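Trainee:
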Amino acid sequence: MCRCPARAVEAAMARIPSLRALAAPAIRDARLDPAPLAALPRLELLRLKSLAGLALASDLRPLAALTRLQHLSLTSIKELGWCACEVVGQLEQLESLELGECSFGAAFATALARLSRLRRLRLERGVAHCAAPALLRALATLPRLTRLELVNFDVKVGFDDALAECKNIQRLLIIPTYVSQSATTNKQVLSGVLRLKETLTHLMWGVTIELLRVTELFIDQCEQGGDKRRDVGECIPVLKPVPGCRLPDDADHVAGPPQVEILPLPTLQRLLSAQMPNTKLKLLRIPFHATWRQSLADFQ
């Protein structure tokens, strides 16, 4: 159902109880009532997305009736964390799960830990108060989960230790938010992925164009009054000490504050390649508005 009003989606739920798949990726309205979902016991796939953010008229508890559901995607639901989303823990047949507006607490981590059949998980817009370490530790207990996508996810201290426990993950896409403390964010990501070097087969790391521009301005400010800097290309800040042992001997060094290493992207690529020789690597340079379109499906 493409570019349809919410009432059309609600009508399909209420009038076609034998539905096995319902995909509405471009709902035009801003409000949807999920209550009719309870009338779809045979549903195996549900994908709901709005063009401009979707508010629910009630919470998601009707999902509990979808005992055959294998694929669930809810990526533009406003304040999803307040919609009783812990109900997904009752969907024991789930193999693929995509959620956006992730403001989940520790209770949601407990719900995720029940999804023993889950193979693929995508979480978008993990806000600052999202319990990311608890979520990651819950994911580490899922035996079939091998693909994880974290898009515009807030990364704080402790993220690396939790990610390092996810030895089940083979394919990882991570695009941090880069709102503040970008040097700390990059250190946490780098430290976490390097500790998965024995198990990761594919790694996509997204760096926003906005971060690269801010870092370039930062370098210019640090080197004002000095010699003209060498052109080392685009760089990101990483809090020292940089994970992954010492940098390669031929690494370019750029002036910055004593506690931050300004790391050129080619140097980061070489560091990752040296530390993770059996992992396919892809560093993405993308504008923020394009982050939502990135997926592991594009990386074979």
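All residue numbers for the sequence shown refer to UniProt numbering, where the first residue is 1 and numbers rise by one.
All C-beta atoms, glycine included, are put in the ideal place defined by N, C-alpha and C.
Please read all numbers here as calculations on a predicted model, not as lab measurements.
(1) Which runs of the beta strand (DSSP E) fall wholly inside the segment 151-179 and span at least 3 residues, in chain order?
(2) Using the three-state DSSP reduction, which class does leucine 112 fall into: helix, strand or coil?
(3) Count the other CB atoms, across all protein chains shown, that sit within 10 Å of the CB of proline 17; report buried if there are 16 or more and exposed otherwise.
(4) Roughly how many angstroms separate the alpha carbons of glutamine 93 and cysteine 235, rounded to a whole number?
(5) Under 6 Å Cβ to Cβ from cysteine 2, same chain only, skipping five residues before and after it: list those, please.
(6) Give the straight-line distance between the Cα atoms of leucine 284 and valine 207, rounded to the nearest whole angstrom.
(7) Over the uninterrupted alpha helix (DSSP H) stretch that includes serine 273, give me the two end residues.
(8) Where does aspartate 298 land, buried or exposed, given buried means 16+ other C-beta within 10 angstroms?
(9) Shortest alpha-carbon distance to glycine 81 belongs to which of Leu72, Leu63 and Asp59?
(10) I'd like to know whether the C-beta atoms of leucine 239 and lysine 187 end up nearer to each other than 8 Å.
(11) Write down the C-beta distance between arginine 125 and asparagine 168 rounded to the nearest angstrom, noting that I regard them as a contact closer than 8 Å.
(12) Quickly, what does DSSP pair arginine 285 with across the bridge? List them, please.
(13) Is it buried or exposed for valine 260, if we count other Cβ within 10 angstroms and need 16 for buried?
(14) Below 8 Å on the Cβ atoms is my contact criterion, and I expect leucine 19 with arginine 47 to pass it. Report the Cβ-Cβ distance as a whole number of Å.
(15) Considering only residues of the same chain and omitting the five flanking positions on each side of leucine 190, which have a CB-CB separation below 6 Å?
(16) Report yes if the C-beta distance between glutamine 170 and threonine 199 is below 8 Å; otherwise report no.
(17) Could you please give the first and the last residue of the uninterrupted alpha helix (DSSP H) stretch that includes residue 303?
(18) Compare the beta carbon distance of leucine 37 and leucine 63 with 8 Å and say whether it is the shorter of the two.
(19) Distance check for proline 143 and leucine 51, CA to CA, integer angstroms please.
(20) Alpha carbons only, please: which of Leu123, Leu268, Ala6 and Arg28 is nearest the one belonging to alanine 35?
(21) Give the DSSP bridge partners of proline 237, in chain order.
(22) With a threshold of 8 Å between beta-carbons, can tyrosine 178 be considered close to chain B, or not?
(23) What are the residues that DSSP puts in a beta bridge with glutamate 149?
(24) How many whole angstroms separate the CB atoms of isoleucine 77 and glycine 105, which I take to be in contact at a CB cut-off of 8 Å?
(25) Does DSSP put alanine 14 in a helix, a strand or coil?
(26) Tell me the DSSP bridge mates of lysine 280?
(27) Judging by CA-CA distance, which residue of Trp205, Trp292 and Ala290 is the nearest neighbour of leucine 268?
Mentor: A quick look at the data gives this:
(1) Taking only runs of at least 3 residues, the beta strand (DSSP E) segments lying wholly in the segment 151-179 are 171-176.
(2) helix
(3) exposed
(4) Answer to the nearest angstrom: the Cα atoms are 44 Å apart.
(5) Around cysteine 2: Ala26.
(6) 6 Å
(7) 265-275
(8) exposed
(9) Asp59
(10) yes
(11) Incorrect: roughly 24 Å between the Cβ atoms, too far for contact.
(12) Val207
(13) Valine 260 is buried by the Cβ-count criterion.
(14) That pair is no contact at about 12 Å.
(15) Pro243
(16) Yes, the Cβ-Cβ distance between glutamine 170 and threonine 199 is below 8 Å.
(17) One cannot answer for residue 303 here, as it falls past the ends of the chain, which runs 1 to 300.
(18) yes
(19) 35 Å
(20) Among Leu123, Leu268, Ala6 and Arg28, the Cα nearest to that of alanine 35 belongs to Ala6.
(21) Ile262
(22) The question asks about chain B, but that chain is absent: this structure has only one protein chain.
(23) Arg122 and Leu173
(24) Taking the Cβ atoms as the reference, isoleucine 77 lies roughly 16 Å from glycine 105, outside the contact range of under 8 Å.
(25) helix
(26) His202
(27) From the listed residues Trp205, Trp292 and Ala290, the smallest Cα separation to leucine 268 is found for Trp205.
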